[in-house]
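In what follows, a single structure is set out as structure tokens and then discussed.
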Amino acid sequence: MAEVKVFPLCCVVQSYAWGKVGLDSEVARLVLGGDPQALIEEAKPYAELWMGAHPKGDALIKDNRISQRTLGQWIADFPGCLGSKVKDTFHGQLPFLFKVLSVNTALSIQAHPNRELAARLHAQFPEHYPDNNHKPEMAIALTQFEGLCGFRPMDEILGYLKDVPEFRALVGNEAAEELQSADGDLSRTSLALKKCFTRMMNCEKKLFVDQLNMLVKRISEEEAADKDTSASNGELLLRLHSQYPGDIGCFSIYFLNRIVLQPGDAMFLGANEPHAYLSGDCVECMACSDNTVRAGLTPKYIDVDTLCEMLNYSPAPVSAKIFPCVRDNADPCVYLYDPPVPDFTVMRIQIPASLQQYTVSALDSAGILLVTDGEAVATSAAALSDITLTRGSVIFISANESVSLKVTSSGMTMFRACCLL
Numbered sequence: 003m004a005e006v007k008v009f010p011l012c013c014v015v016q017s018y019a020w021g022k023v024g025l026d027s028e029v030a031r032l033v034l035g036g037d038p039q040a041l042i043e044e045a046k047p048y049a050e051l052w053m054g055a056h057p058k059g060d061a062l063i064k065d066n067r068i069s070q071r072t073l074g075q076w077i078a079d080f081p082g083c084l085g086s087k088v089k090d091t092f093h094g095q096l097p098f099l100f101k102v103l104s105v106n107t108a109l110s111i112q113a114h115p116n117r118e119l120a121a122r123l124h125a126q127f128p129e130h131y132p133d134n135n136h137k138p139e140m141a142i143a144l145t146q147f148e149g150l151c152g153f154r155p156m157d158e159i160l161g162y163l164k165d166v167p168e169f170r171a172l173v174g175n176e177a178a179e180e181l182q183s184a185d186g187d188l189s190r191t192s193l194a195l196k197k198c199f200t201r202m203m204n205c206e207k208k209l210f211v212d213q214l215n216m217l218v219k220r221i222s223e224e225e226a227a228d229k230d231t232s233a234s235n236g237e238l239l240l241r242l243h244s245q246y247p248g249d250i251g252c253f254s255i256y257f258l259n260r261i262v263l264q265p266g267d268a269m270f271l272g273a274n275e276p277h278a279y280l281s282g283d284c285v286e287c288m289a290c291s292d293n294t295v296r297a298g299l300t301p302k303y304i305d306v307d308t309l310c311e312m313l314n315y316s317p318a319p320v321s322a323k324i325f326p327c328v329r330d331n332a333d334p335c336v337y338l339y340d341p342p343v344p345d346f347t348v349m350r351i352q353i354p355a356s357l358q359q360y361t362v363s364a365l366d367s368a369g370i371l372l373v374t375d376g377e378a379v380a381t382s383a384a385a386l387s388d389i390t391l392t393r394g395s396v397i398f399i400s401a402n403e404s405v406s407l408k409v410t411s412s413g414m415t416m417f418r419a420c421c422l423l
């Protein structure tokens, strides 16, 4: 029997509390699409679908003719499936973790360490930082997707320090004035911004609870009187406060850009970039790590000192945070999201209704393919038999294998994660 190199996966769902519930969740809808027998519980959050070989969520191989039970076990037995460069560069491990996220309430304010910091944190606090890898990540919107990302331009932060006295009280006059007088000097701005953010994150609990209550009361009264509260970012503040009452993270909206991605838009989060996802559904790809430094909007372990120390304090407009995709020259159905890290690339494959046949091309890298829309029958010399693809199907494609699709719907949308070294 020919060696099997293309096979379907059954992926692990993570039920974190911030996830959308029941069939409101894109994760749950994809799970049901991929397996009509799946039982979706209407009160349970379906937050993340993990498509990969991470030990906390190793995908099951959906083919009982294959003796290995999980993707991780299979890759360990056949590391050549990764592709020779990927295998050598990443020591026989799949270098990325591919996910779908369905966000109902905000995720924590967080950043991911670079490799040096990850190694140090993992050595010191292995219970909180489970591995020694960096975790750059990219989110591509499936529905309108909202998040906080990177420090706002200076004029916006200074505007909030002027218009939101409760925010200024937490930062303190001294740090606020330093920021104002840094005027255009990049290194002074960065240091002053760090001081302002660190002051706020470390201010006394009673001070910030009192100021937050005053702010919420003021904005609620202004809204009741039909006043415009945009100078205080009122709508978002009240929403975060309702989700995480009394949390210092509510004030981070005055430091960080609010970004709204439309379907197909992406944002890339490099090491040390502060961010928090707020709402919506996305596909996400990242280096295979679970290292997250958190400080606010979370019930999880909080490490304020590390976060404040590590962040990238470079103000930038929200437009600079949208990561462009590029249409592939060789295949007009492929849109490439190719971030400035070697660990992963994502392709969006958009097959128009006019095409009934399509070939998912061979790459010198293992890949994971997710169908988000449409149906097809997939054949490959490296598969045991035809694979029926529907919305929610996930297949693993070994390096240097192509897959032929006979499209049975009008058009298809798929996402493919791979590693293009």
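Count along the sequence shown starting at 1, add 2, and that's the number in the numbering used here. The beta-carbon is built from N, C-alpha and C at its ideal position, and this holds for glycine as well.
CA-to-CA distance, residue j to residue i, given in whole angstroms
{"i": "Arg418", "j": "His243", "result": "37 angstroms"}
{"i": "Ile77", "j": "Ile399", "result": "12 angstroms"}
{"i": "Pro155", "j": "Leu188", "result": "12 angstroms"}
{"i": "Leu299", "j": "Ala108", "result": "7 angstroms"}
{"i": "Asp60", "j": "Pro47", "result": "20 angstroms"}
{"i": "Glu5", "j": "Val405", "result": "15 angstroms"}
{"i": "Val343", "j": "Leu51", "result": "23 angstroms"}
{"i": "Leu214", "j": "Tyr303", "result": "22 angstroms"}
{"i": "Lys58", "j": "Cys13", "result": "12 angstroms"}
{"i": "Ala233", "j": "Val409", "result": "50 angstroms"}
{"i": "Leu99", "j": "Ile159", "result": "34 angstroms"}
{"i": "Met3", "j": "Met53", "result": "Note that Met3 scores a pLDDT of 43, beneath 50, so its modelled location is shaky and nothing firm can be said."}
{"i": "Leu280", "j": "Leu238", "result": "10 angstroms"}
{"i": "Glu206", "j": "Cys310", "result": "16 angstroms"}
{"i": "Leu372", "j": "Tyr131", "result": "29 angstroms"}
{"i": "Val8", "j": "Thr390", "result": "13 angstroms"}
{"i": "Pro97", "j": "Arg220", "result": "48 angstroms"}
{"i": "Ala289", "j": "Ile68", "result": "27 angstroms"}
{"i": "Gly82", "j": "Gln95", "result": "10 angstroms"}
{"i": "Asp230", "j": "Ser86", "result": "59 angstroms"}
{"i": "Arg71", "j": "His93", "result": "21 angstroms"}
Cβ-Cβ distance between residue i and residue j below 9 angstroms
{"i": "Tyr337", "j": "Met349", "result": "yes"}
{"i": "Gln112", "j": "Ala278", "result": "yes"}
{"i": "Gly394", "j": "Leu32", "result": "yes"}
{"i": "Ala368", "j": "Ala401", "result": "yes"}
{"i": "Tyr162", "j": "Tyr256", "result": "yes"}
{"i": "His124", "j": "Asn293", "result": "yes"}
{"i": "Thr145", "j": "Pro326", "result": "no"}
{"i": "Gly236", "j": "Leu103", "result": "no"}
{"i": "Ala287", "j": "Val105", "result": "According to the sequence shown, residue 287 is Cys rather than Ala. Contact: no."}
{"i": "Ile370", "j": "Leu62", "result": "no"}
{"i": "Val328", "j": "His114", "result": "no"}
{"i": "Pro317", "j": "Leu195", "result": "yes"}
Residue nearest to residue i in terms of C-alpha spacing, selected from the options
{"i": "Val362", "options": "Ser27, Asp375, Ala380 and Ala355", "result": "Ala380"}
{"i": "Ala322", "options": "Phe9, Arg190, Asp267 and Asn293", "result": "Asp267"}
{"i": "Asp375", "options": "Ala177, Ile353, Pro47 and Ser232", "result": "Ile353"}
{"i": "Met140", "options": "Phe270, Leu357, Arg122 and Pro342", "result": "Phe270"}
{"i": "Leu386", "options": "Ser232, Gly152, Cys151 and Lys64", "result": "Lys64"}
{"i": "Asp426", "options": "Gly174, Val373 and Met202", "result": "Given that the chain is displayed from residue 3 to residue 423, the structure contains no residue 426 and the question cannot be resolved."}
{"i": "Ala45", "options": "Tyr18, Leu51 and Ala61", "result": "Tyr18"}
{"i": "Leu423", "options": "Cys252, Phe199, Asp90 and Leu109", "result": "Asp90"}
{"i": "Leu407", "options": "Cys420, Leu73, Val396 and Ser382", "result": "Ser382"}
{"i": "Ile351", "options": "Val211, Asp366 and Asp330", "result": "Asp330"}
{"i": "Ala143", "options": "Val262, Ala49, Ala194 and Phe199", "result": "Val262"}
{"i": "Asn314", "options": "Gly272, Val102, Asn134 and Leu371", "result": "Gly272"}
{"i": "Gly36", "options": "Ile397, Thr415, Thr392 and Ser412", "result": "Thr392"}
{"i": "Glu28", "options": "Lys101, Leu73, Cys287 and Pro97", "result": "Lys101"}
{"i": "Ala439", "options": "Leu119, Cys290 and Cys252", "result": "Absent from the model: residue 439. The displayed extent of the chain is 3 to 423, so no value can be given."}
{"i": "Cys421", "options": "Leu84, Ala55, Ala384 and Gln70", "result": "Leu84"}
{"i": "Ala355", "options": "Phe147, Arg241 and Gly413", "result": "Gly413"}
{"i": "Ser254", "options": "Leu73, Pro38, Ser110 and Gln39", "result": "Ser110"}
{"i": "Pro334", "options": "Ile324, Leu357 and Phe346", "result": "Leu357"}
{"i": "Asp464", "options": "Ser291, Asn175, Glu43 and Gln75", "result": "Here the chain comprises residues numbered 3 to 423, so residue 464 is not present and cannot be evaluated."}
Which residues DSSP lists as bridging residue i, in chain order
{"i": "His277", "result": "Gln112 and Cys151"}
{"i": "Ser104", "result": "Asp283"}
{"i": "Leu51", "result": "Val15 and Val102"}
{"i": "Leu338", "result": "Val328 and Met349"}
{"i": "Thr72", "result": "Leu62"}
{"i": "Arg418", "result": "Met349 and Leu371"}
{"i": "Val379", "result": "Thr390 and Lys408"}
{"i": "Met269", "result": "Ala141 and Ile324"}
Residue range of the alpha helix (DSSP H) that includes residue i
{"i": "Ala177", "result": "Asn175 to Ser183"}
{"i": "Ile221", "result": "Lys207 to Ala226"}
{"i": "Ala143", "result": "Per DSSP, Ala143 belongs to no alpha helix (DSSP H); it is in the beta strand (DSSP E), Glu139 to Ala143."}
Any chain D beta carbon closer than 9 angstroms to residue i
{"i": "Lys196", "result": "Absent from the structure: chain D. Only one protein chain is present."}
Opening and closing residue of the beta strand (DSSP E) in which residue i lies
{"i": "Lys197", "result": "Premise fails: Lys197 lies in the alpha helix (DSSP H), Leu188 to Met203, not in any beta strand (DSSP E)."}
{"i": "Ser406", "result": "Val405 to Val409"}
{"i": "Val396", "result": "Val396 to Ile399"}
{"i": "Val362", "result": "Gln359 to Val362"}
{"i": "Ile261", "result": "Leu258 to Leu263"}
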